[in-house]
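K.L.:
Below is a structure I'd like to ask you about.
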Amino acid sequence: MNRALLVVGLLLAAGLVASTSSAKVVNENTDDLPPGCEEISEEVTYTVRGGSEPARGMDGVAFTFDERSFEVPACAEVTVTFVNTDPIRHQFMVHGTYPDGSTLIELPGEGEDTATWIAPSTPASLMVHCGVNQHQQKGMKAQFLVAGGEGDVPNVPGISGLPPEDRHDAHAHGEETADDRPAPGPGALLALLGAAVAVGLRGNA
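When the letters of the sequence shown are read in order and numbered with this note's numbering, they come out as residues 85 to 289.
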């Protein structure tokens with residue numbers, strides 16, 4: 085019984101450590117052509133930094149991307165490497181991609197990951213944002229203009245105006261929100277689970 089509890093505790097610890105330390109890429113597409121595209125027209129690559137560092141010196145912006153407007157040809161294969169400059173969770177999420185409607189890169193803290201998607205065959209203005217907590221309202225918004233686009237995406241800092249003020253924004257009152265705190269490290273999780281296993285072992289002694 086004691087050995088079984090120990091094994092369960094170690095497995096839980098391994099799972100929790102993995103879940104807090106890994107990046108996530110969702111709906112990447114490298115070969116499924118959007119309607120109207122007969123072939124890849126061009127391959128374009130970007131490296132985008134996101135977090136509080138790119139927002140320094142920008143009034144009314146707490147987080148943002150260092151580039152906030154991208155122009156790509158129709159049917160281009162677009163590869164983005166997203167670099168999170170903060171020890172908190174951020175996303176680079178592109179809306180309007182084919183075939184699933186969006187492509188996401190999510191990082192739990194400082195680090196980078198890469199995703200690829202294929203631009204549509206007709207002019208489009210695709211919104212990019214961080215969907216964590218209220219980071220979009222704090223300035224993490226950008227745009228991809230495909231084949232010239234259809235006008236700017238609203239409220240992109242430095243492009244089409246600042247995000248609307250959120251009166252319930254905790255940051256406006258000097259508060260720290262849960263998603264702005266660093267994720268617990270592996271050591272803290274292992275210590276917590278070790279204590280739980282020890283209690284279980286004592287209870288079954």
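From the three backbone atoms N, C-alpha and C, an ideal C-beta is built for every residue, glycine too.
Taking all protein chains shown into account, decide if G144 is buried (16 or more other Cβ within 10 angstroms of its Cβ) or exposed.
P.N.:
Residue mapping note: residue 144 aligns to position 60 of the sequence shown, counting from 1. Answer is exposed; the Cβ neighbour count stays below 16.
K.L.:
Let me know if T114 comes out buried or exposed under the rule of 16 or more other beta-carbons within 10 Å of its beta-carbon.
P.N.:
The count along the sequence shown starts at 1 and reaches residue 114 at position 30. It is exposed - the Cβ of T114 has fewer than 16 other Cβ atoms within 10 Å.
K.L.:
May I ask you to verify whether the region 146-165 touches the region 226-238, counting CB pairs closer than 8 Å and requiring at least 3?
P.N.:
yes
K.L.:
If contact is defined by three or more beta carbon pairs under 8 Å, each pair taking one atom from either stretch, is the region 171-181 in contact with the region 202-215?
P.N.:
yes
K.L.:
Going by beta-carbon coordinates alone, are N217 and E194 separated by less than 7 Å?
P.N.:
Here residue 217 refers to the residue found at position 133 of the sequence shown. Here residue 194 refers to the residue found at position 110 of the sequence shown. No, the pair does not count as a contact, with Cβ atoms beyond the cut-off.
K.L.:
Run the CB neighbour count on P207, radius 10 Å, all protein chains shown included, and call it buried at 16 or more, exposed below.
P.N.:
Walking along the sequence shown from the start, residue 207 turns up at place 123. Exposed, by the Cβ-count rule.
K.L.:
Over the uninterrupted beta strand (DSSP E) stretch that includes A203, give me the two end residues.
P.N.:
Position 119 of the sequence shown holds residue 203. Unbroken run through A203: none, as it is neither H nor E.
K.L.:
What three-state label does DSSP hand A139 in the structure shown?
P.N.:
Position 55 of the sequence shown, counted from the first residue, corresponds to residue 139. Here A139 sits in helix by DSSP.
K.L.:
For P138, is the classification buried or exposed, using 16 other Cβ atoms within 10 angstroms of its Cβ as the cut-off for buried?
P.N.:
What you label residue 138 is simply residue 54 of the sequence shown in a count that begins at 1. Per the 10 Å Cβ criterion, buried.
K.L.:
Could you tell me the distance, in whole angstroms, from the CA atom of Y130 to the CA atom of V109?
P.N.:
Translated into the one-based positions of the sequence shown, residue 130 becomes position 46. Translated into the one-based positions of the sequence shown, residue 109 becomes position 25. One C-alpha to the other measures close to 16 Å.
K.L.:
Below 6 Å, is the gap between the Cβ of S209 and the nearest heavy atom of the ligand GDP?
P.N.:
Of the ligands one can find in the structure shown there are none, so the ligand GDP has no counterpart to examine.
K.L.:
Bridge partners of Y182, per DSSP?
P.N.:
Looking up residue 182 in the sequence shown gives position 98. DSSP lists no partner for Y182.
K.L.:
Taking the beta strand (DSSP E) that E155 falls in, what are its first and last residues?
P.N.:
Looking up residue 155 in the sequence shown gives position 71. 153-156 is the span of the beta strand (DSSP E), which, as asked, contains E155.
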